[in-house]
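Here's the structure we're looking at; comments come further down.
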Amino acid sequence: MTREDGRSNDELRPVEIIRGFLKHPAGSVLIKTGDTQVICTATVEEGVPGWLNGEGQGWITAEYGMLPAATSERNSRYRISGRTYEIQRLIGRSLRAAVDLSMMDGYTIRIDCDVIQADGGTRTASITGGYVALYDALSHLVQDEKLYKMPVKGIVAAVSVGIVEGSVLLDLCYEEDSVADVDMNIVMLDGSFVEVQGTGEGGIFTREQLSEMLSLAERGIRELMMIQRDVLGLENDHVDTGE
Numbered sequence: 002m003t004r005e006d007g008r009s010n011d012e013l014r015p016v017e018i019i020r021g022f023l024k025h026p027a028g029s030v031l032i033k034t035g036d037t038q039v040i041c042t043a044t045v046e047e048g049v050p051g052w053l054n055g056e057g058q059g060w061i062t063a064e065y066g067m068l069p070a071a072t073s074e075r076n077s078r079y080r081i082s083g084r085t086y087e088i089q090r091l092i093g094r095s096l097r098a099a100v101d102l103s104m105m106d107g108y109t110i111r112i113d114c115d116v117i118q119a120d121g122g123t124r125t126a127s128i129t130g131g132y133v134a135l136y137d138a139l140s141h142l143v144q145d146e147k148l149y150k151m152p153v154k155g156i157v158a159a160v161s162v163g164i165v166e167g168s169v170l171l172d173l174c175y176e177e178d179s180v181a182d183v184d185m186n187i188v189m190l191d192g193s194f195v196e197v198q199g200t201g202e203g204g205i206f207t208r209e210q211l212s213e214m215l216s217l218a219e220r221g222i223r224e225l226m227m228i229q230r231d232v233l234g235l236e237n238d239h240v241d242t243g244e
C-alpha cells in the first residue's frame, strides 16, 4: 500500500532524541518520532517503596500523560484512564528489564513521560526515549559515587507494527493505527523480546503474518538502538544489534 507520508512499509518515521532537554532532572530527553513528541525525564529519589524495604534492590517506576492539546481534540488534564495505567505499567516493566535492580539498592528512579504532541506510537516513543533519560540518571549516580558501576544490562527500545489493508507496516502513525486490522507494540532488550502486545482490532492474523510483524519490528528496533547508542556515545559492543 501507499503510505500517506510516502514511507516504505518497513521504514521508521524520522527519529530525533535530544538529551539534556530540561535543566533539573538527572536525565531528560525530548524524543521525536515523526509528528509524535514526548518529553521523558528521570528523577532519582533516595529510598524504595515500602514493600521493597530490606530486599536489597532499587526500583524504577513510570508515569505517562498527555498535554490537553496533544491530540486533535482537547483531553481533560486530570483524567487518568485505564489505558493510561496500562501504558505506565508497560513503560515501567520495559525499563526495569534493562537494569539490575540489585545494583541500585536504596534508590528509586521515576520516569515521567509527557506527550506534547501525539501522532501514534506514544508509548513506544516513551520507552525508547525513557531509556536514554534513565541511562543518564544512572550515570549521574555513578559519577556521584552512589553506585559503583552502571547497572544496565543492555539497551531497550520499542516500536509499533500492524496490518493495514492487508499490508504489514512498521511504526504506525495515528491515521494508520486508527484503521489497522492488527496493532502490535514490541519491546526488545538487545536481541531478546521484553513485551509483545498485539490485538486483532478489526480482523485476525496468521502465524506467518505474526512472524513477519515480529521480524519487521526487530529490524526497526535495531535501528532505534543504533540511534540511542549514538546519542549516548556508546561503542558498538554496548549493544547486540543481532547482526
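All letters in the sequence shown, in the order written, are residues 2 to 244 by the working numbering.
We treat Cβ as the ideally placed atom computed from N, Cα and C, and that holds for glycine.
Give the range of the beta strand (DSSP E) segment to which Tyr108 is assigned.
Tyr108 to Gln118
With 16 other CB atoms within 10 Å as the buried threshold, where does Asp184 fall?
buried
Do Ile117 and Ala71 have their CB atoms nearer than 8 Å?
Their beta carbons are under 8 Å apart, which means Ile117 touches Ala71 by this criterion.
Tell me the rounded alpha-carbon separation between Met2 and Leu173.
13 Å
Just tell me which of Met105, Thr123, Asp36 and Glu74 has its CA closest to the CA of Arg84.
Closest option to Arg84, Cα to Cα, is Thr123.
Round the Cβ separation of Ala119 and Met151 to the nearest angstrom and send it over; I've been treating them as touching at under 8 Å.
With 8 Å as the limit, Ala119 and Met151 do not qualify as a contact, their Cβ atoms being about 32 Å apart.
Is Met105 helix, strand or coil when you go by DSSP?
DSSP places Met105 in helix when its eight states are reduced to three.
Can you tell me where the alpha helix (DSSP H) with Met214 in it begins and where it stops?
Arg208 to Leu233
Between which two residues does the beta strand (DSSP E) containing Gly28 stretch?
Gly28 to Thr34
If you measure between the beta carbons of Ala158 and Gln229, is that distance less than 8 Å?
Closer than 8 Å, so yes.
What does the Cβ neighbour count give for Gln38, buried or exposed, with the cut at 16 atoms within 10 Å?
buried
Can you check which of these residues, Leu225, Glu209 and Glu166, is closest to Ile187 by C-alpha distance?
Leu225
Going along the chain, which unbroken runs of the beta strand (DSSP E) with 3 or more residues stay wholly within the segment 139-214?
157-165, 168-171, 183-190 and 193-200
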